[in-house]
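I have placed the structure first, in the form of structure tokens, so that the comments after it can refer back to it.
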Amino acid sequence: MSSTSSQIGSGSYSTVTVKGSVAYKTFTRDFVGGKREFEALKVIYTRCSPGAVFFVLKPIAFCEQDNDIEAAFENEVIRPAVGTYLEDTKSPTIPMERISDIPDALKAELGELLGVKPDEAAKIRICLLGIGRNDAESASKSTVNLTNVLLTADMYTKLAVQSKTIHLPPIEQIASGIGEMVSRIHWKAGYDANDIKFVMGGNGNGGIKLYVIDFNLVRTIIFFYLEGIH
Ligand SMILES: Nc1ncnc2c1ncn2[C@@H]1O[C@H](COP(=O)(O)OP(=O)(O)OP(=O)(O)O)[C@@H](O)[C@H]1O
Ligand SMILES: [Mg+2]
């Protein structure tokens with residue numbers, strides 16, 4: 000089955016395009032962090048995701064500029080559609096699992112909360128959970144764009160209370176899930192959580208699912224302070 004690709008996001012170092020069930024994070028040609036993010040993602044996915052409140056997206060492969068494709072996990076076959084996409088891309092790229100859009104009913108409810116028209120609300124894809132912020136005024140200005148809506152703690156709580164269609168976990172569960180994931184990334188994977196993002200997307204089945212994304216700036220932790228402690 001063929002599907003069209005659409006650019007869902009762009010950051011300082013990359014653009015993210017989705018096609019079918021795969022998201023492709025493509026780095027600016029000279030950015031070496033692509034390979035580093037790939038290595039971190041493999042470790043964090045394997046060690047931190049099972050059983051956590053926030054899921055880590057499974058990486059599929061890393062493709063260097065010269066089109067050398069390295070599979071993320073041994074013995075996993077890379078689908079032809081992914082191979083074809085990577086061959087056409089001239090920059091380092093990580094194909095990974097895609098975050099589904101939040102359900103349509105939730106888009107409509109969130110659109111009402113944001114005061115946007117229904118056709119604009121339909122463009123919402125995912126929500127960035129900025130629950131450390133609580134300034135709705137600055138949040139509405141800093142809504143990254145309509146495809147990536149930034150939810151402060153207040154906005155999330157309002158949405159959770161008002162939503163008649165989707166059950167959203169209480170904010171306390173979101174906060175403890177974030178703490179759990181930062182701790183797992185630290186202790187199980189050996190990375191800090193520099194610049195990672197917590198996101199609410201769809202589960203592809205009418206509900207929502209929570210994800211942690213963006214590992215291009217995480218740094219390895221040297222557990223030097225454990226030495227000498229008896
Ligand atoms: N697997 C994915 N599925 C769907 N959308 C994604 C996926 N990964 C990233 N995105 C979207 O692309 C945006 C940019 O991704 P990401 O934060 O990883 O890029 P970045 O270049 O590292 O950004 P930044 O400059 O903020 O560090 C995200 O906010 C999100 O909307
Ligand atoms: Mg980043």
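Number 9 in numbering that gives the first Met the number 0 belongs to position 10 of the sequence shown; there are no gaps in the numbering. Think of the CB as a built atom: it goes at the ideal place given N, C-alpha and C, for glycine as much as any other residue. Given the structure is predicted, the values throughout are model-derived calculations rather than measurements.
*What distance in whole Å lies between the Cβ atoms of F197 and L128, which are believed to be in contact at a cut-off of 8 Å?*
Going by Cβ atoms, the distance from L128 to F197 rounds to 4 Å, so yes, they are a contact pair.
*Along the beta strand (DSSP E) that carries Q6, what are the first and last residues, could you check?*
Where Q6 is concerned, the enclosing beta strand (DSSP E) stretches over S4 to S9.
*Name the DSSP bridge partner or partners of F72?*
The bridge partners DSSP lists for F72 come to none.
*Please list, following the chain, all residues that have a C-beta closer than 6 Å to any non-hydrogen atom of ligand 2.*
Residues close to ligand 2 by the beta carbon criterion (under 6 Å to any non-hydrogen atom) are, from first to last along the chain, G10, D194, D213, N215 and L216.
*Measuring from the CB of E179, is there a heavy atom of ligand 1 at a distance below 7 Å?*
For E179, the Cβ stays outside the 7 Å cut-off from all heavy atoms of ligand 1.
*Would you say the region 182–199 touches the region 19–30, given that touching needs at least three Cβ pairs under 8 Å?*
no
*Express the C-alpha separation of I220 and E119 in angstroms, rounding to a whole number.*
43 Å
*asked:* Taking the beta carbon of T3 as the centre, do at least 16 other beta carbons fall within 10 Å, making it buried, or is it exposed?
replied: The residue in question, T3, is exposed, as its Cβ has fewer than 16 Cβ neighbours within 10 Å.
*Where in the region 98–183 do unbroken runs of the alpha helix (DSSP H), each at least 4 residues long, occur, reported from the N-terminal end onward?*
103–113, 117–120, 135–140, 152–161 and 170–183
_Looking at the strands, I want to know which residues DSSP matches up with T88._
Under the DSSP definition of a beta bridge, T88 lacks any partner.
*Below 8 Å between beta carbons: does that hold for A80 and I68?*
No, Cβ-Cβ distance for A80 and I68 is not below 8 Å.
*Could you check if R218 is buried or exposed, using at least 16 other CB atoms within 10 Å of its CB as the buried criterion?*
exposed
*asked:* I'd like to confirm something about L145: is its beta-carbon nearer than 7 Å to some heavy atom of ligand 1, or not?
replied: no
*If we call anything under 8 Å between Cβ atoms a contact, is L209 one with F54?*
yes
*In whole angstroms, what is the alpha-carbon distance linking R46 and Y12?*
Between R46 and Y12, the C-alpha separation is close to 26 Å.
*Looking at Y44 and ligand 1, is the gap between the Cβ and the nearest heavy atom below 7 Å?*
Every heavy atom of ligand 1 is 7 Å or more from the Cβ of Y44, so no.
_Whole-angstrom C-beta distance between I165 and I207, which should lie under 8 Å_ = Yes, I207 and I165 are in contact; Cβ-Cβ is about 6 Å, under 8 Å.
*On the DSSP bridge assignment, give the partners of I21 in chain order.*
Residue 21 is actually Val in this sequence, not Ile. Note: V21 sits in a beta bridge opposite K18 and E96.
*DSSP three-state assignment for G50, whether helix, strand or coil*: Looking at G50 - three-state DSSP - the assignment turns out to be coil, as it is neither helix nor strand.
*What is the rounded straight-line gap between the Cα of A51 and the Cα of E179?*
7 Å
_Simplified DSSP state of T219, which is helix, strand or coil_ = strand
_Between the alpha carbons of L40 and K34, how many angstroms are there, rounded?_
Their Cα atoms are separated by approximately 10 Å.
*Note down, in chain order, each residue of its chain lying with its Cβ closer than 6 Å to the Cβ of F30, except the 5 sequence neighbours on either side.*
Y12
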